[in-house]
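In what follows, a single structure is set out as structure tokens and then discussed.
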Amino acid sequence: MILELNEAQKILKKNARDFLEREIIPIADEYDRKYHPMPKDVALQLLHKLHPLGYIGATLPPEHGGQGLDFVSFGVLAEEGARAYLSLGMIAMIQDSAIMPILSRDGTPEQRAKYLPKIMSLENIACFCLTEPDVGSGARDLKTTAIRHGDHYILNGTKTWITNGSIADVAVVFASTDPSKGARGISGFIVDKAESPFTTRELPKLGCRSCPTSEVTFEDCRIPATNLIGREGEAYLIALADLMQIRVSAGMAAVGLAQAAIDASVKYAKERKQFGRPIGSFQLIQEMIADMVIITEAARFICFQAYYLLSKGQPCFREAAMAKGFSTEMAVGVTSKAIQVHGAYGISEEYPVERYFRDARTLTFPDGSTEIQKLIIGREMLGISAFA
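Here the sequence shown is numbered in my numbering, starting from -16 and rising by one per residue.
Structure follows, in structure tokens:
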């Protein structure tokens, strides 16, 4: 159980916040208006700035080229990155978590040697291809297929809502190698765009506008059989293991976003005067800010508890679902209250809280909707699955 950060984590948090407040927060609003989405060269420029802080390969073991941080420390970075600029935080989170943990845990030595250094160094941008146009939460029913032909697989299908899709050089793709087996027929593949080209189409969206989010299409895409991750039919469990971390990180990103909204609201309530005094002296303003702080602290604790279990190597399907479901809905409420504290100025692009609200609303859907997270929690508590 995490009740307090250790000294190393406190230093990590301070260093990250100081850097992000100096280098990233001043450009966030401008980039959010300018880039829909962020071009690859701009994304790389910003990712290279984040790299020394530990954002790339944070929890990857040192023997695989990573930082070797525990998951609680990664949570510190996730919160601070989202507090500064969620679009950039999401790009970095997928670069860190889309492929590298999978290859570190389930990849062959040859796969690790070929791809981990390129992703760590940002020579390659990575993406995680699971969701499909007709298959969101029911990942066991994937329509994308991979058929073995000699020493290659032929991949056909379309993935959607793929973060980093349009700027990715390499993808981990989940496809059915045996549709008759359902979840046990799902396999995972490394798709190197230079060797196995695929096409993308950008999907404009309400929030996280600077973060590339794409439809990715594979049409008779030839993949070397050596790019199979693990064995055929094992990828459903591989995806679930990766989604645990990704869901907790999405929850912590929501906490960072909510904290940004609190910080902006406190500053505004102290500076804005009505009836001859700061609006922060009004009871209803104080009530709103108090509610924002209480629920954000609760979400932060839930996320850190899940990260603690990840650091211990313990399964945390329930805690990850709690972190993702509760925290993202929390952020919607907190950022909405932040707009209310700002009054009419809250919907103006002159203040960042309208961006926080749009970004928060976007976070409720990726990696399983709020409703799906509740069904996971129910399954873990009751031992009865509501999934067909």
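Every residue, glycine too, gets a C-beta built ideally from N, C-alpha and C.
4-residue-minimum alpha helix (DSSP H) runs that sit fully inside the segment 150 to 209, ordered along the chain: none
State the start and end residues of the unbroken alpha helix (DSSP H) segment that holds asparagine -2. -10 to 6
Where do the N-terminal and C-terminal ends of the beta strand (DSSP E) with phenylalanine 111 fall, by residue? 109 to 112
Looking only at its chain, what residues have a beta carbon closer than 6 Å to the beta carbon of asparagine 107, apart from the 5 residues adjacent to it on each side? Lys101, Asp152 and Val153
Between the C-alpha atoms of glycine 133 and aspartate 203, what's the straight-line distance to the nearest angstrom? 15 Å
Is histidine 31 helix, strand or coil by DSSP? helix
For histidine 47, count neighbouring C-beta atoms within 10 Å of its own C-beta (all shown protein chains included) and say buried if the count is 16 or more, exposed if not. buried
When every heavy atom of the ligand COA is checked, does at least one fall within less than 7 Å of the C-beta of serine 149? The model on display carries no ligand, and the ligand COA is accordingly not part of it.
Select from Pro335, Tyr291 and Glu312 the residue whose C-alpha is nearest the C-alpha of asparagine -11. Tyr291
C-alpha gap between methionine 83 and glycine 90, whole angstroms: 9 Å
What does the alpha-carbon distance come out to for the pair lysine 23 and valine 174? 19 Å
Meets three-Cβ-pair contact criterion under 8 Å: the segment 259 to 279 and the segment 346 to 364: no
Could you give the DSSP three-state label for glycine 140: helix, strand or coil? strand
Return the bridge partner residues of threonine 146 from the DSSP annotation. Thr196
Same chain only: Cβ atoms within 7 Å of glycine 308, ignoring 5 sequence neighbours per side: Thr353, Gln356 and Lys357
Do serine 149 and proline 195 count as a contact pair if the criterion is CB distance below 8 Å? yes
Looking only at C-alpha atoms, which of Met21, Leu189 and Ser179 sits nearest to threonine 200? Ser179
Return the CA-CA distance between glutamine 387 and arginine 66, expressed in angstroms with no decimal places. Residue 387 lies beyond the residue range present for the chain, which begins at -16 and ends at 371; the question has no answer from this structure.
Close beta carbons around cysteine 110, own chain, < 7 Å, minus the five adjacent residues each side: Ile77, Ala81, Ile145, Thr146, Asn147, Gly148, Ala151 and Ala154
Segments assigned alpha helix (DSSP H), at least 4 residues, entirely inside the segment 262 to 295: 266 to 294
Take leucine 27 and list the residues in its own chain whose beta-carbon comes closer than 7 Å to its own, dropping the five residues that flank it on each side. Leu105
Grab the span of the beta strand (DSSP E) containing threonine 128 for me, first residue to last. 128 to 132
To the nearest angstrom, report how far apart alanine 96 and alanine 208 are at their CA atoms. 17 Å
With distances taken Cα to Cα, identify the nearest neighbour of aspartate 79 among Pro162, Asp225 and Met21. Asp225
Check whether the segment 279 to 297 touches the segment 323 to 335, taking contact to mean three or more Cβ pairs, one atom from each stretch, closer than 8 Å. no
Quick one: is glycine 366 buried, meaning 16 or more other Cβ sit within 10 Å of its Cβ, or exposed? exposed
Can you tell me whether glutamate 378 is helix, strand or coil according to DSSP? No information on residue 378 is available, as it lies outside the stretch -16 to 371 that the chain covers here.
Any idea what DSSP makes of arginine 260, helix, strand or coil? strand
According to DSSP, is glutamate 115 part of a helix, a strand, or is it coil? strand
Using three-state DSSP, classify leucine 358 as helix, strand or coil. helix
Give the secondary structure of leucine 211 by DSSP, where H, G and I count as helix, E and B as strand, and everything else as coil. strand
Just how far apart, CA to CA, sit glutamine 50 and threonine 128? 35 Å
Of all the options Arg192, Thr279, Ala289 and Thr347, which has the alpha carbon lying nearest to the alpha carbon of phenylalanine 57? Ala289
Within 10 angstroms of its Cβ, does aspartate 1 collect 16 or more other Cβ (buried), or is it exposed? exposed
Proximity winner among Ala244, Asp246, Ala233 and Arg131, relative to asparagine 210 (alpha-carbon distances): Arg131
Out of Leu86, Ala303 and Ala166, point me to the one whose CA is closest to leucine 220's CA. Ala166
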